[in-house]
Structure formats: structure tokens, C-alpha cells
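Enquirer:
Number of protein chains: 2
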Amino acid sequence: MLIHSAAQVLTLKGGPQRGKDLGDLGIIENGAVLLREEKITAVGSTAELQDAFPDEPDVDAAGCVVMPGLVDPHTHLIWGGDRAAEFETRLEGKSYLDILAAGGGIISTVRATRTASIESLIAQTRPRLLRMFAHGTTTAEAKTGYGLQTATELRLLKALLALDDESPLELAVTFLGAHAIAPEYKDNPQEYVKLICETMLPLVQLWWGVHAPHRKNLPFVDVFCENNAFNLEQSKEILEAAKALGFPLKIHADEFENLGGASLAVELEAVSADHLVKTSDEDIKNLGNSDTVAVALPCTPFGLGECEYTPAKKLLEANAILALATDCNPGTAWTESMQFSMALACRNMGLTPAQAIAASTINAAHAIRRADRIGSLEPGKQADLLILSVPEYRHLGYRFGTNLVKQVIKRGRVYSVDVGYYRTA
Amino acid sequence: MLIHSAAQVLTLKGGPQRGKDLGDLGIIENGAVLLREEKITAVGSTAELQDAFPDEPDVDAAGCVVMPGLVDPHTHLIWGGDRAAEFETRLEGKSYLDILAAGGGIISTVRATRTASIESLIAQTRPRLLRMFAHGTTTAEAKTGYGLQTATELRLLKALLALDDESPLELAVTFLGAHAIAPEYKDNPQEYVKLICETMLPLVQLWWGVHAPHRKNLPFVDVFCENNAFNLEQSKEILEAAKALGFPLKIHADEFENLGGASLAVELEAVSADHLVKTSDEDIKNLGNSDTVAVALPCTPFGLGECEYTPAKKLLEANAILALATDCNPGTAWTESMQFSMALACRNMGLTPAQAIAASTINAAHAIRRADRIGSLEPGKQADLLILSVPEYRHLGYRFGTNLVKQVIKRGRVYSVDVGYYRTA
Chain A
-10 MLIHSAAQVL TLKGGPQRGK DLGDLGIIEN GAVLLREEKI TAVGSTAELQ
40 DAFPDEPDVD AAGCVVMPGL VDPHTHLIWG GDRAAEFETR LEGKSYLDIL
90 AAGGGIISTV RATRTASIES LIAQTRPRLL RMFAHGTTTA EAKTGYGLQT
140 ATELRLLKAL LALDDESPLE LAVTFLGAHA IAPEYKDNPQ EYVKLICETM
190 LPLVQLWWGV HAPHRKNLPF VDVFCENNAF NLEQSKEILE AAKALGFPLK
240 IHADEFENLG GASLAVELEA VSADHLVKTS DEDIKNLGNS DTVAVALPCT
290 PFGLGECEYT PAKKLLEANA ILALATDCNP GTAWTESMQF SMALACRNMG
340 LTPAQAIAAS TINAAHAIRR ADRIGSLEPG KQADLLILSV PEYRHLGYRF
390 GTNLVKQVIK RGRVYSVDVG YYRTA
Chain B
-10 MLIHSAAQVL TLKGGPQRGK DLGDLGIIEN GAVLLREEKI TAVGSTAELQ
40 DAFPDEPDVD AAGCVVMPGL VDPHTHLIWG GDRAAEFETR LEGKSYLDIL
90 AAGGGIISTV RATRTASIES LIAQTRPRLL RMFAHGTTTA EAKTGYGLQT
140 ATELRLLKAL LALDDESPLE LAVTFLGAHA IAPEYKDNPQ EYVKLICETM
190 LPLVQLWWGV HAPHRKNLPF VDVFCENNAF NLEQSKEILE AAKALGFPLK
240 IHADEFENLG GASLAVELEA VSADHLVKTS DEDIKNLGNS DTVAVALPCT
290 PFGLGECEYT PAKKLLEANA ILALATDCNP GTAWTESMQF SMALACRNMG
340 LTPAQAIAAS TINAAHAIRR ADRIGSLEPG KQADLLILSV PEYRHLGYRF
390 GTNLVKQVIK RGRVYSVDVG YYRTA
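Heads up: the sequence lines are chains A and B, in that order. Going by my numbering, the first residue of the first sequence is number -10, and it counts up by one from there. Going by my numbering, the first residue of the second sequence is number -10, and it counts up by one from there.
1) Could you confirm whether any beta carbon from chain B is found closer than 8 Å to the beta carbon of alanine 415 of chain A?
2) What does cysteine 214 of chain A pair with, by DSSP beta-bridge criteria?
3) Closer than 7 Å, Cβ to any Cβ of chain B: which residues of the region 328 to 349 of chain A, in chain order?
4) Below 8 Å CB to CB, which residues in the same chain sit around glutamine 396 of chain B once its five sequence neighbours on both sides are set aside?
5) On the three-state DSSP scale, how would you describe tyrosine 135 of chain A?
6) Taking contact to mean 3 or more Cβ pairs, one atom from each stretch, closer than 8 Å, check whether the region 197 to 204 of chain A and the region 96 to 110 of chain A are in contact.
7) Would you mind sorting glutamine 6 of chain A into buried or exposed? The rule is 16 or more other CB atoms within 10 Å of its CB.
8) Thinking just about the alpha-carbon of each residue, which of A/Glu187, A/Ile240, A/Ser330 and A/Thr78 is nearest to the one in alanine 230 of chain A?
9) Measure the C-alpha to C-alpha separation of arginine 103 of chain B and serine 109 of chain B and round it to an integer number of angstroms.
10) For alanine 283 of chain B versus alanine 309 of chain B, is the C-beta distance shorter than 8 Å?
11) Helix, strand or coil for glycine 3 of chain A? Go by DSSP, reduced to three states.
12) Only counting the same chain, and skipping five residues up and downstream in sequence, which positions put a Cβ closer than 6 Å to that of serine 269 of chain B?
13) Cβ of phenylalanine 209 of chain A less than 8 Å from any chain B Cβ?
14) Select from B/Leu276, B/Thr391, B/Asn278 and B/Ala171 the residue whose C-alpha is nearest the C-alpha of valine 379 of chain B.
15) State the beta-bridge partners of histidine -7 of chain B as determined by DSSP.
16) Under a three-way DSSP split, which group does phenylalanine 236 of chain A fall into?
17) Measuring CB atoms only, is the region 360 to 374 of chain B touching the region 318 to 330 of chain B, in the sense that at least three cross pairs come out at less than 8 Å?
18) Compile a chain-ordered list of the residues in the region 106 to 118 of chain A whose CB is closer than 7 Å to at least one CB of chain B.
19) Starting from arginine 402 of chain B, trace the beta strand (DSSP E) both ways and give me its first and last residue.
20) As a quick exercise: from B/Ala36, B/Gly69 and B/Glu75, pick the residue whose alpha carbon is nearest that of serine 106 of chain B.
21) Within the 8 Å Cβ cut-off, does glycine 390 of chain B reach chain A?
22) In this structure, does DSSP put glutamate 142 of chain A in helix, strand or coil?
23) Please classify arginine 25 of chain B: does DSSP put it in a helix, a strand, or coil?
24) Helix, strand or coil for alanine 161 of chain A? Go by DSSP, reduced to three states.
25) Per the DSSP calculation, histidine 264 of chain A is bridged to which residue(s)?
26) Could you give the DSSP three-state label for lysine 9 of chain B: helix, strand or coil?
27) What residue range is occupied by the uninterrupted beta strand (DSSP E) comprising isoleucine 398 of chain A?
28) Quick check for students: name the residue ranges of the alpha helix (DSSP H) that lie wholly in the region 102 to 127 of chain A, counting only runs of 4 or more.
29) Which residues does DSSP list as the beta-bridge partners of alanine 36 of chain A?
30) What are the partner residues of valine 60 of chain B, as DSSP defines its beta bridges?
31) Does alanine 171 of chain A come out as helix, strand or coil in the three-state DSSP assignment?
32) Consult DSSP for valine 379 of chain B and reduce its assignment to one of helix, strand or coil.
33) Closer than 7 Å by beta-carbon distance: list the chain E residues that pair up with threonine 324 of chain A, in chain order.
34) Alpha carbons only, please: which of B/Ser261, B/Phe122, B/Glu226 and B/Arg383 is nearest the one belonging to proline 157 of chain B?
35) Counting contacts by CB-CB distance shorter than 8 Å, is glycine 294 of chain A in contact with chain B?
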């Protein structure tokens, strides 16, 4: 299949785009992309590819931008219930950490998740996944973490694998048993750390071998390193135990307080360090000297009505690899749209549209270790791409609150997104 | 047709909702709405309406919220071209007023609009209108103002009437010849004021009688009262001339500087005063003692990456009638989604979800003088309503960046909005 006549094809080839090199889109004007089965086989000008492949079935992308599918490298996609009432409470002045300390926040979602069957969890999560895909996310990371007990955490893993199998959107799964101290261990958090290290992690490793034998890599293991969650020492203990078992690592660092999580990520060669709002200059320097991807989640301060965002410019000056994600979750940021994350990154983190695009494609692919097959339009990569109903790439960032995707192509299959409506009666 | 079994029907009956009374949704749990032709004929519980109308064709709204169609009372919907490049310039540090002073901003859109044919203007605007409708806006105000010369301003009026006729979304038209000083009059702005008062306004009045004889009311006349646009005296001159001709009035007041536009609106009994970011306590008091609707446009500071929003709480304390709008325009806020405006109003203006909903329905209808037929679900009103795929109203505000509408019903006709995707190949 030949997608041709695109106003712009954004290739994003090469990468990761480090520091100030972020934003190289590799634009081909009047571009074309040739797909065969599930792969990209050629990328070039429309003239050149139409000449070379005259009889190919075609998709006319005139007036549109063609780019790699968006990659969302940090989501808490699966949960039971909602926190709409808590949202109202926050508008009345309670802080997120106050609510967490009072047994609300994450713990209220944990209650709703523990009591939900796997069928119910899948049914509640499916519309979110569908909404993500319609907004152009072709691959997303998805974490467990609203179980905080062995059986529920495994149920969440199982549900995520089922959703991955049924949906065109691909999931990169993360085990986040260390999302909060389980309520049963409130007065003895160290016991919960022990449970994670000595029971949960070995069990997940075994379970994965049995339930996901066709997935060559273990899931990521992540820790919420924060006051009222896991301190630096506990985070280190958990991540070291995970590393010893062969899990690739992620960390929630410096969302509300600087505990040193970002430098811990570098020390342990984590794949990514995420949030990074209160990160110190020293930590930023360490990230810049590492291959740990710095994942900014601007939807979270936005969702909380806060003014402080990840210091993206400092991270780029320090030569870090910057990626964007939604953080989609029921407490602070219920949004499925990477496009919105990009619009925020431009306005509140000072990225250009080109930088936001690179941070949401090739660099985001690096943040989940899939850059070998997704994140750019290059021969041999998976045919995951978007046709946007915009005449040039800067409309991403410039426009906000709506969905600019016209068609999503996933593993070579074309899905149309209806931006409009149809009359039914 | 009977829409039944809704988790919540939000009636918004009565109104306008003044001051601290804002946010009375008139909720009916397990509610139903009966439609006949283009009107609402009954609103009540599902049990009661199913008993009374057992043979009615039905729409099952189980698990959903049913509410009045959203009303967007301030948009610059029609324009040529885009300002994506200028957006990048702003990210590099130039202010909106700097760009305006340098001949960019509104004037660059004026150039693109003047050179576009009416067919091209309609074709460029149609997708925006469609996107608004898909996001639940069933009636929108739409301004001219990118012509700034008689012929182009009339072409914009004509295009807006054509779009109103072809689209299920209804438009309330506003003449905004006073959007900026036309470039030809840069060195002699008073001459442009004279042109508006002595030529444009009388001509628009005549033109309207010929081209829109079935529309009983004249369009609104609006002025951008701001430094580098029209000062207070010029604004007054234009609005008084318009009032003498029978036009209902609107004003852009206090977006960047306080020039006194809000109190002028009150003095002239304008239908609304819009923006109101830099409004003084004295002006707020005057608004609170008037029937002039205070229209907040939170997408504009958001779009500009600014932190100061309309002081909604002060306006409510002063007993003002508060409404929300998108301000959809190519310079500062290209968004078609009233849902996003509501999400911002909760986080950045301190409204509760219920207040944001009332400000986007019944109060917004008052801001365009259509509350007699839209803005609430009451017998006798037009059948403009939404079915949202959410279990309770607070999801509006709580969730952001996506579209929560499942079906739009306009004048009794049902349109489905596709939140997902469908496989085409």
C-alpha cells in the first residue's frame, strides 16, 4: 500500500534525539510511504515512490501530515471506578498529598479495583484504550498498581495482556506493585516492601513465563518514590531486587518532592525516570549523562491546577533524552490524548511543536525500549502511522482540546477516526 | 421519542443562574425526556414517562448523562489561513500585543481572509463547525471581524448565514467590523471608526433585512476594546451608533488591559461583556448589578500560556451572571471544545463542575439572548440535548482533552458521535 501526496511526511529517522538535537522531524514535503504487510518498506517523495510502484493500492493523503503513531510511555490505564467526587474536593482546596494521607487518592481506587472482577476491569478499561487509539496512540505503556496485593496485581497483569491481545493498540506492560503502601501495611511499610521484593517480584517473573511465553521481555518494574509512598531507600531496595531478577526498571521521581529518585534511576540504569518536576540541577546533570529517558507528564500538573512543570529546557541543556506521556490515571490526569500532552508541553514547558512531536514518537519509543521497531518511519520498522487532517506539523501543539487524527494505521491496517458525526435518526 | 434510563438528566431549568446560585443542575436520577418533532414535551423520571408514554420509540441512555446541548457564546469561527507559524514565534517569547503591533496577529488573518473567496471561507470553516457540533455545541455565536473592510465583512456575514443554513448547529451571528483598526487606517484610526459608524453599520442593517428576512433579530454588534485596537471612547462611539440602529451589543473587555469596557457594557445595556481578565473591582460590581452576562474565555489565557484567568469567584460574589465560551480563533485559542473550556474553568477559575455546566448551557444561552428556546431541558424548549458516555455529571471538568459526547440531538434529530474508530482496510 502506498500512502502518497502528503503535505508533509515526518520521518523522525535516527534517534534517540538527545538534548538540543530534539525536534529533528526529517520532513519530506509531498511525501509518500510504502507499506507491505505489517512493515514500512520505503519512505520518500511522492514522485519517486509513485514511479517505482505504479500499481500499488493507494491512500491519498493530500493536504495532510503523515507521521509515526504516537507512543505513550507512561499510563495507569487499568483501574476500577472513578474519582470524580475527589476532583470536586480538590477544587475546594484539599491537596493531593492531603487526600492520599487521609486514605483517599490512590487507595480509594485500590478499593474499587480489588473488588472488581477481571471481566469488569477489562470492560472499564477498554473504552480508554479505544479512546487512546482514536487519538493516535499506537503503542502505550500500561502499569498495574491499583491492586497492592499479590492476587489483584496478577489479575491486573492478566487483564492487560488480554487487552493487548484484543486491541490494535499495543501495550508495554509494567508491574507497579510499589504504587503506594498497601493499606494493610500502613503501620509497617517495610513489611510491604519485603512482600514486594520476596514474594511479588519472583512470582511475577514466574507468572510471566507461564502466561506470556510469546513475549520475549519481562515487564518493566516501577516504583512511586515519594513522601507517603516509598522513600529513596525502599525504592532502591525494590528496584535492586527487580534488577537482580532481570526486570527492566522505571521510576516515578520528584513529582511533589525531591527525594533523589532521578539519580537513583541513573545509578541503576533504569530505562526511564518519570515526572521530574522537582528534580534538582544535580539530578538533571546525572540524567543528561545517562541513557535513562526523562519522561515529562505535563497533564499531571495541569490536572492538579498547578503551575510548576518539568524543567524541559534544563533537561535539554543537560543533554538528556526527553519524552512525553499522558500519565492517564483516575486521580490527577484522566486524559487519553497525547496530542493534549503535546499542547501543554509547548505552552507550559517551552517546547516547540517539533520538539513535542519527537518527544512523543521516537524518544517515547526509547522510553519503553521499542525504538528498534516503532517511533519513526523507516524501512523495516512496523507500519504504525497517522494521517492527520492538518496541513503542517505545527498544528500539533497550536490547536488543543480536540483530536486532529484522520486515520490510524497500525501494523499496516487502516483505521478511520470519525472526527464528525453521522445522522442516525 | 422517549430518551430514558439516563443515570442523570440535568434539566438546568429556570435561570439565568445569578451569582452564587450558579450550579443548580436540576438533576433527575434515572431520568427521561420526551421529544415531539423539534421540541421537548416532558421531562421526568423514567418510571413516570414510560408509564405515560408506553408506545413511544425509545433511546436507551442507561449509564449516561443527558443534558442540554452546549451553547458557545463567543467564537471567531470564520477565518482564512492559520497562524501556526506565529504560534512558534510566541513560544520564542514574543507577546501577543507585540505581534499585533508588528502587523502580525489579527492583521495576518485579515490578509488571508480578504483574499479568500466565499466558497473557500465556507470550506475552511465547515470542519470547525462540524468539530464543534461533534463536541456537543448545538448553538454557537460566530463573529465576522477578519475582513475590516465593508465588502469582506459582508462576505463573512453571508458565509455565516450559509453555514447556519447548511449545518445542524445553529449560529447566532455577530458583526465585529471593530475587531482591529483596518491596516489602511493605521495612521488615522478615527477615520475607520467613522467608516464603521456611518457606512458599515447602516449597511449591515439594510443588508440583514434583505438577506436574512426570516431571522427576526438583527445580529449582535461587538467591539474589541483594547490598546492597539479601539480605545474606550471609540468603543463607545461604535456601540452607541449600533444601539441607535437597534443592534444588540457585545464587547471584548479587559483581555490584556483594563480600559473600562465592562462598565461601558453595563452603561449601554450590552447583552454580554467578554474576556474580563483585568476587570477592576468597580467594574465587577457594576456587572453584578446588571443583566449584562459576564462571558469568561479561559481557553485564551491557556492558549497564550498565561496564568491569569477571569476572576470568576469575584464575579459570582458580586452576583454577576457568568457564562463560558471557547473564543475559538486562529490566534490565541484554536479549540472547538466547550468541554475543554469547562475543564479549564474548574482548574483555573475555581468553578465546580456543576457551575461550569450551568455557565455553558442556560447562562450561555442568556449571553446570546436565546434562553427562551435553548439552554435547558424544559417542556416547550427546543429539543437540543446531549447524551454523554459518563456515569455522572462531574466527569465534565474532571476529564480533559477528549470528547465525552456519545450522541447529539438537535431539534429532535439524533446524531451519533464516534468516539472510536472503525477498520476500513
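Where is the CB? At the ideal position from N, CA and C, for every residue including glycine. It should be emphasised that the depicted structure is a prediction, and the values quoted were computed from it without experimental measurement.
Expert: Once the coordinates are examined:
1) In the structure as shown, chain A begins at -10 and stops at 414. Residue 415 of chain A is therefore absent and cannot be evaluated.
2) A/Phe219 and A/Ala242
3) Phe329, Cys335, Arg336, Asn337, Gly339, Thr341 and Pro342
4) Val48, Leu375, Ile376, Val403, Tyr404, Ser405 and Val406
5) Annotated three-state conformation of tyrosine 135 of chain A is coil, per DSSP.
6) no
7) buried
8) A/Glu187
9) 11 Å
10) Closer than 8 Å, so yes.
11) DSSP places glycine 3 of chain A in coil when its eight states are reduced to three.
12) Asn247
13) no
14) B/Thr391
15) B/Asp49
16) Three-state DSSP puts phenylalanine 236 of chain A in coil, outside helix and strand.
17) no
18) none
19) 402 to 406
20) B/Gly69
21) Yes, because at least one Cβ of chain A sits closer than 8 Å to the Cβ of glycine 390 of chain B.
22) helix
23) Strand, per DSSP.
24) strand
25) Residue pairing from DSSP places histidine 264 of chain A in a beta bridge opposite A/Ala242.
26) helix
27) 394 to 399
28) For the region 102 to 127 of chain A, whole alpha helix (DSSP H) runs of length 4 or above, ordered along the chain, are 107 to 123.
29) Bridge partners of alanine 36 of chain A: none, in fact.
30) According to DSSP, valine 60 of chain B bridges with B/Thr128.
31) coil
32) coil
33) Chain labels in this structure do not include chain E; the protein chains are A and B.
34) B/Phe122
35) yes
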